[in-house]
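Per my numbering: the sequence shown = residues 56 to 227.
For each residue, glycine too, the CB sits at the ideal point set by N, CA and C.
Computed from a predicted model, the values in this text were never measured in an experiment.
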Amino acid sequence: MLTKTDQSSQFSRINLRKNLAKYNDRAPVIESIHHPKNFVEIADWYKGIHENTLELSELEGKKVMVFSAIGNPSSFEQTIAGIGLEILEAIRYPDHHDYGMLEMQYISERAASKEAVALITTGKDAVKIPTEFIYFNRDLPLYILNMDIMITEGQDLFEKAIVNAIKKETKK
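Here you go:
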């Protein structure tokens, strides 16, 4: 499955398909995009309360601070900007970084000093944030951007692969 295909050119995707075919010309190639869904405040997310969400439009045009420790932070930042939020600053840490309480306080204080209305991060980062910060008396909300995966090409191939995998598993 090719992901985030909306962030690459058609030429790049064609070349990638050709390269994949060199190794396995029968493998189904499915294209997908990460589609922003909504925001959830980290304390609600942590408790598993996913119905208290904030629509993307509710932060549109607002000034935010984003932070992440993911492999491709520019993709996350591009998504945030693409839904109409103004990124005052994007703080990047190495992939798989575990956040400490002092780092989180620094990020929060920096965002407040820049007059951000919220902090925004990824679901992958949320699990690395100390619990004490989640329930800390914060000046700003900390939102997680919820994403959906949308298949843009090869839906039929994807469904066929799932059905075949289920059939194979039930024969055991």
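Residue burial classification, residue i (beta-carbon count within 10 angstroms, cutoff 16)
{"i": "residue 203", "result": "exposed"}
{"i": "residue 171", "result": "buried"}
{"i": "residue 86", "result": "buried"}
Residue of the options minimising C-alpha distance to residue i
{"i": "residue 193", "options": "80, 219 and 98", "result": "98"}
{"i": "residue 65", "options": "223, 222, 225 and 207", "result": "207"}
{"i": "residue 60", "options": "226, 72 and 88", "result": "88"}
{"i": "residue 62", "options": "116, 137 and 220", "result": "137"}
Alpha carbon of residue i to alpha carbon of residue j, nearest angstrom
{"i": "residue 184", "j": "residue 154", "result": "5 Å"}
{"i": "residue 213", "j": "residue 83", "result": "8 Å"}
{"i": "residue 209", "j": "residue 105", "result": "30 Å"}
{"i": "residue 157", "j": "residue 163", "result": "10 Å"}
{"i": "residue 197", "j": "residue 176", "result": "8 Å"}
{"i": "residue 217", "j": "residue 187", "result": "41 Å"}
{"i": "residue 205", "j": "residue 160", "result": "35 Å"}
Contact check, residue i vs residue j, beta carbons under 8 Å
{"i": "residue 140", "j": "residue 167", "result": "no"}
{"i": "residue 124", "j": "residue 90", "result": "no"}
{"i": "residue 132", "j": "residue 142", "result": "yes"}
{"i": "residue 108", "j": "residue 121", "result": "no"}
Cβ-based neighbour list, residue i, same chain, cut-off 8 Å, excluding 5 preceding and 5 following
{"i": "residue 229", "result": "With the chain running from 56 to 227 in the structure shown, residue 229 is simply not present."}
{"i": "residue 181", "result": "97, 100, 101 and 199"}
{"i": "residue 215", "result": "83"}
{"i": "residue 225", "result": "none"}
Close beta carbons around residue i, own chain, < 7 Å, minus the five adjacent residues each side
{"i": "residue 179", "result": "125"}
{"i": "residue 56", "result": "85 and 87"}
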